[in-house]
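**Q** To start, I am sharing the structure in question, which I have written as structure tokens.
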Amino acid sequence: MKALAYFEEWSRRPGQKVRMAISSELAEVNAVFVQLLSGPGDPKKPAIESKEFPEILNTVVRTRLQSTRVGSYAELPLSSPAKAPLTIHLHFCPTLPESSKKQVILAVGEGPDSLNLELSGQKLRLSGQAGEVEASLDVQPQTWYSVAFTVGRDGNGFLDVARRTGLSSSSERVSVSGAVGSVEGRLLRIASAGPDAVGSPLQPFNGKVEGVTAWDVVLESADIDGLHSDRIPSVPAVGRWDFSKEMHSLSVVDTTSRNPNGYVIGGAERAVTSHAWSGLSDDYQAVPEEYAAIQFHEDEMLESNWEYDLEFDLPKDIPSGLYGVRLNAPGFEDCYPLFVASRPDEEADVLFLFSTNTYMAYANDRLATMGEILSKVMSHELVVPEDEKYLHAHDELGRSCYDTHSDGTAIRFSSRRRPIINVRPGYPNFLSGYRHFPADMYLLEWVARSGQTFHIATDDDVETDGIDLFRRYKTIVTSCHPEYWTLNGLDALQEYLKNGGRIMYLGGNGFYWVTSIDPERPWIMEVRRDNSGTRCWNAPAGERTHLYGGVPGGLWRWRGRGPNKMLGVGFASEGWNVAQPFLRQPASYTGKGKEWFEGISADVIGDKGYLLGGVAGDEVDRYDLALGSPAEAEVLCTATGFGNEYQLVIEDQLLGLPNQGGVDRQDVVRCDMVYFSIEGGGAVFSGSSIAYCGALAWNNFENDLETVTTRVLRSFCSTLPGE
Numbered sequence: 089m090k091a092l093a094y095f096e097e098w099s100r101r102p103g104q105k106v107r108m109a110i111s112s113e114l115a116e117v118n119a120v121f122v123q124l125l126s127g128p129g130d131p132k133k134p135a136i137e138s139k140e141f142p143e144i145l146n147t148v149v150r151t152r153l154q155s156t157r158v159g160s161y162a163e164l165p166l167s168s169p170a171k172a173p174l175t176i177h178l179h180f181c182p183t184l185p186e187s188s189k190k191q192v193i194l195a196v197g198e199g200p201d202s203l204n205l206e207l208s209g210q211k212l213r214l215s216g217q218a219g220e221v222e223a224s225l226d227v228q229p230q231t232w233y234s235v236a237f238t239v240g241r242d243g244n245g246f247l248d249v250a251r252r253t254g255l256s257s258s259s260e261r262v263s264v265s266g267a268v269g270s271v272e273g274r275l276l277r278i279a280s281a282g283p284d285a286v287g288s289p290l291q292p293f294n295g296k297v298e299g300v301t302a303w304d305v306v307l308e309s310a311d312i313d314g315l316h317s318d319r320i321p322s323v324p325a326v327g328r329w330d331f332s333k334e335m336h337s338l339s340v341v342d343t344t345s346r347n348p349n350g351y352v353i354g355g356a357e358r359a360v361t362s363h364a365w366s367g368l369s370d371d372y373q374a375v376p377e378e379y380a381a382i383q384f385h386e387d388e389m390l391e392s393n394w395e396y397d398l399e400f401d402l403p404k405d406i407p408s409g410l411y412g413v414r415l416n417a418p419g420f421e422d423c424y425p426l427f428v429a430s431r432p433d434e435e436a437d438v439l440f441l442f443s444t445n446t447y448m449a450y451a452n453d454r455l456a457t458m459g460e461i462l463s464k465v466m467s468h469e470l471v472v473p474e475d476e477k478y479l480h481a482h483d484e485l486g487r488s489c490y491d492t493h494s495d496g497t498a499i500r501f502s503s504r505r506r507p508i509i510n511v512r513p514g515y516p517n518f519l520s521g522y523r524h525f526p527a528d529m530y531l532l533e534w535v536a537r538s539g540q541t542f543h544i545a546t547d548d549d550v551e552t553d554g555i556d557l558f559r560r561y562k563t564i565v566t567s568c569h570p571e572y573w574t575l576n577g578l579d580a581l582q583e584y585l586k587n588g589g590r591i592m593y594l595g596g597n598g599f600y601w602v603t604s605i606d607p608e609r610p611w612i613m614e615v616r617r618d619n620s621g622t623r624c625w626n627a628p629a630g631e632r633t634h635l636y637g638g639v640p641g642g643l644w645r646w647r648g649r650g651p652n653k654m655l656g657v658g659f660a661s662e663g664w665n666v667a668q669p670f671l672r673q674p675a676s677y678t679g680k681g682k683e684w685f686e687g688i689s690a691d692v693i694g695d696k697g698y699l700l701g702g703v704a705g706d707e708v709d710r711y712d713l714a715l716g717s718p719a720e721a722e723v724l725c726t727a728t729g730f731g732n733e734y735q736l737v738i739e740d741q742l743l744g745l746p747n748q749g750g751v752d753r754q755d756v757v758r759c760d761m762v763y764f765s766i767e768g769g770g771a772v773f774s775g776s777s778i779a780y781c782g783a784l785a786w787n788n789f790e791n792d793l794e795t796v797t798t799r800v801l802r803s804f805c806s807t808l809p810g811e
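Position 52 of the sequence shown, counted from 1, bears residue number 140 in our numbering, the numbering being contiguous throughout.
Following this line, the structure appears as structure tokens:
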């Protein structure tokens, strides 16, 4: 890829400043402001309509390659130099000790004269400029160790390590001593031997570190024995960094107050279990002392931290809509989307809501690495886009909340302040043709064609403005996959419906995962999946409570806020084989919503579409009274007949049984189009499928599904059926 870029903020309002960071192998690129006016059309012949606004931006940008820090670590500055005599104690839990690369757990001082506590293979060493001492035990993954090391005035080092995980630690405790040389430094580093020229950690450590305590004496053997049993020596410490303090911040607090607080670099994870976790609570707020650890990864990357190369102001009268900055040079063109919301005093018929939380959760996902597995449930050939192949080779672009780190641990945080290659117009997806943002452009084009006045907004805007945003619109139209919602967002949407608001949910698997936003850095999102639901990884034991917001992670269904209660439907199945059409149900002929089907003679609608060939596909939802769907709701259409590639969702199964696919379980592996009204004037229409948008757009939006859906929108913006 010749150029990569990202905006400081995804969502802007009229009159606000826009800043963009660019990294390119090209000497310069031209940047022009555009409005994106259509979806991608037929995936076989994609074409996106756009309009340039050179009066807003049309400039040449001098560019260069910008570097990205990869890897997490922490620095603990000292008021006085650490030098012999010295004792340091900590706990650590490695996640990749078998790595052939040297991993530094703690470094005292800087440069070649530093003293390093390190893993080399599965061996723990204390290494200095004059030599090293090595413990004989083999360090095991996911195992807690207590380690103390000392350096005397004579340059001799002493290393004492005890295993803390398991029934017995005495069977795996070793002490060793030898010459390591002198030591002196004003800095302790955790999980790094020091930064390289970009700021990435050298010899990074993969795993957890808990607490660091330093003394300016060589402790007696009895005191070191006590440290392995959590007994604090009576000797005053010169530094004691408690990782359970100020977990929501980047600070690492020294409880002795003798040193400045340390700080975390590169996105290391907090609110993770420490060696003392009892299993009696999985809430770090209740027992913070049991979450006194920080987890580090060699491939951690949240924010690119590039310099901003482009800056311009939006006009104060720019209409709300989907815009972008198009970058081009000879042989190169790309576009990055910018979501322009309305001014707070503006109103319109419709608010189209882009699911930017979903975009962040899937940002730069590596799901194509599961191609061998996923191809078994696909009816089409697996074709990985060239840009995605580039992504797989570049850790500096970061990963998604569907991926794992190199040590196999879950990725629970994502950021939009980095280039996100799958949030670009027309970006293809190997699963179904288009997904998420590129597919949502179909829906935006449909809203624009409807003739209703409309604005757009993002999940970021919902988090900021809540119900004050929603109440300015008669109808909210969702994206094709609004999967990730915060508590603030759900509360606002529910209040909107109770006060006469109307929602058209035109997607599948919506309102599924509990999601949180960092209040200090709102461009960072958190997902802790718990161990239920359809997922790519399990939450580590004891670590489901969100760092931001302090709410239990997992499915909103298990928090009593499942989508069936609010939208009438909830996640039923997923698959990437042939999509199915809707078969009209009696309510479409005789129910309250029958007027939307007037003049349509066909019993089947949505039998063609740009995503998997029909309306019901990819991820689909069903109506289910047992899960809270309202009894008064009308099921207008239903799609069944899915192949066994479409399996019943995991949260609906108690035992691992055969015959849980679309062929054998048509009672629950199905997709339902649902409508119901709410006392007070509110109403909900649910299309219940990710592929809905592709069927809506079929044949240039000239089809029966489009006719029905547009009639629903117009009635939602005026008078409900029967009123």
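Backbone N, C-alpha and C define an ideal beta-carbon position, used for all residues, glycine too.
Below 7 Å between beta carbons: does that hold for residue 778 and residue 656?
**A** No. Outside cutoff.
**Q** For residue 294, does the three-state DSSP call read helix, strand or coil?
**A** Coil, per DSSP.
**Q** Among 102, 785, 767 and 809, whose alpha-carbon lies nearest the alpha-carbon of residue 426?
**A** Answer by Cα proximity: 102.
**Q** So, are the CB atoms of residue 511 and residue 525 less than 7 Å apart?
**A** Contact: yes.
**Q** What ranges does the beta strand (DSSP E) occupy inside the stretch 184 to 240, keeping only unbroken runs of at least 3 residues that lie completely in it?
**A** As far as the stretch 184 to 240 is concerned, its whole beta strand (DSSP E) runs of at least 3 residues are 191 to 196, 203 to 208, 211 to 216, 219 to 222 and 233 to 239.
**Q** Give the range of the beta strand (DSSP E) segment to which residue 161 is assigned.
**A** Run containing residue 161: 161 to 171, per the beta strand (DSSP E) assignment.
**Q** Please tell me whether residue 386 and residue 517 are closer than 7 Å, where the distance is taken between their beta carbons.
**A** The answer is no: Cβ separation not under 7 Å.
**Q** Please confirm whether residue 649 and residue 715 have their CB atoms less than 7 Å apart.
**A** Going by C-beta atoms, residue 649 is not nearer than 7 Å to residue 715.
**Q** Starting from the Cα of residue 565, find the closest Cα among 436, 119 and 200 and give me that residue.
**A** Ranking 436, 119 and 200 by Cα distance to residue 565 puts 436 first.
**Q** Just to confirm the assignment: which complete beta strand (DSSP E) runs, minimum length 3, are found wholly within the stretch 773 to 808?
**A** None, since the stretch 773 to 808 contains no complete beta strand (DSSP E) of that length.
**Q** Please state if the CB of residue 221 and the CB of residue 197 are separated by a distance shorter than 7 Å.
**A** Result no, Cβ atoms of residue 197 and residue 221 do not sit closer than 7 Å.
**Q** Can you check which of these residues, 195, 528, 751 and 186, is closest to residue 208 by C-alpha distance?
**A** The shortest Cα separation from residue 208 among 195, 528, 751 and 186 belongs to 186.
**Q** CB residue 729 to CB residue 668, shorter than 7 Å?
**A** Yes. Within cutoff.
**Q** Out of 328, 771, 740 and 98, which has the shortest C-alpha to C-alpha gap to residue 584?
**A** Closest option to residue 584, Cα to Cα, is 771.
**Q** Determine the closest residue to residue 75 out of 746, 757, 237 and 478, with distance taken between C-alpha atoms.
**A** Because residue 75 is not part of the residues shown, which for the chain are 89 to 811, the question remains open.
**Q** So within the stretch 452 to 527, which uninterrupted alpha helix (DSSP H) runs reach at least 4 residues, ignoring any that extend past its ends?
**A** For the stretch 452 to 527, whole alpha helix (DSSP H) runs of length 4 or above, ordered along the chain, are 459 to 462 and 474 to 480.
**Q** On the three-state DSSP scale, how would you describe residue 632?
**A** Of the three classes helix, strand and coil, the one that applies to residue 632 here is coil, per DSSP.
**Q** Where DSSP assigns a beta bridge to residue 177, which residues make up the other side?
**A** Answer is 236 and 301.
**Q** Which of helix, strand or coil does DSSP assign to residue 654?
**A** Note: residue 654 maps to helix in three-state DSSP.
**Q** Do three or more CB pairs link the stretch 327 to 342 to the stretch 199 to 219 at distances below 8 Å?
**A** In short, these stretches do not touch, since the Cβ pair count stays below three.
**Q** On the DSSP bridge assignment, give the partners of residue 139 in chain order.
**A** BP columns for residue 139 point to 123.
**Q** Just mark residue 296 as buried or exposed, buried being the case when its beta carbon has 16 or more other beta carbons within 10 Å.
**A** Residue 296 comes out buried.
**Q** Distance, Cα to Cα, residue 491 vs residue 358?
**A** Their Cα atoms are separated by approximately 18 Å.
**Q** Within 10 angstroms of its Cβ, does residue 188 collect 16 or more other Cβ (buried), or is it exposed?
**A** With fewer than 16 Cβ atoms within 10 Å of its Cβ, residue 188 is classed as exposed.
**Q** To the nearest angstrom, how far is it from the Cα of residue 60 to the Cα of residue 626?
**A** An answer regarding residue 60 cannot be provided, because it is not within the stretch 89 to 811 covered by the chain.
**Q** Mapping DSSP to helix, strand and coil, what is residue 531?
**A** Looking at residue 531 - three-state DSSP - the assignment turns out to be helix.
**Q** Hey, does residue 470 have any beta-carbon neighbour from chain C nearer than 7 Å?
**A** Within the model displayed, chain C is absent; a lone protein chain is all it includes.
**Q** When the Cα atoms are used, what is the spatial distance from residue 267 to residue 223?
**A** The alpha-carbon atoms of residue 267 and residue 223 are separated by roughly 14 Å.
**Q** Here's the rule I'm using: 16 or more other beta-carbon atoms within 10 Å means buried, otherwise exposed. How should residue 137 be labelled?
**A** The residue is exposed, with fewer than 16 neighbouring Cβ atoms inside 10 Å.
**Q** Is the Cβ-Cβ distance between residue 763 and residue 724 less than 7 Å?
**A** Contact: yes.
**Q** Among 306, 697 and 277, which one has its Cα closest to the Cα of residue 242?
**A** Nearest C-alpha to residue 242: 306.
**Q** By a C-beta neighbour count over all protein chains shown, 10 Å radius and 16 as the cutoff for buried, is residue 151 buried or exposed?
**A** Buried, by the Cβ-count rule.
**Q** Can the beta-carbon of residue 172 be found closer than 7 Å to that of residue 264?
**A** No, these two residues do not count as a Cβ contact at 7 Å.
**Q** Determine the extent of the alpha helix (DSSP H) in which residue 765 is found, giving its start and end residues.
**A** Note, residue 765: premise wrong, no alpha helix (DSSP H); beta strand (DSSP E) at 759 to 766.
**Q** How do the stretch 477 to 489 and the stretch 98 to 115 stand: do at least 3 beta-carbon pairs fall below 8 Å, yes or no?
**A** Not touching, per the Cβ criterion.
**Q** Let me know if residue 424 comes out buried or exposed under the rule of 16 or more other beta-carbons within 10 Å of its beta-carbon.
**A** Classification of residue 424: buried, given that the 10 Å Cβ count is 16 or more.
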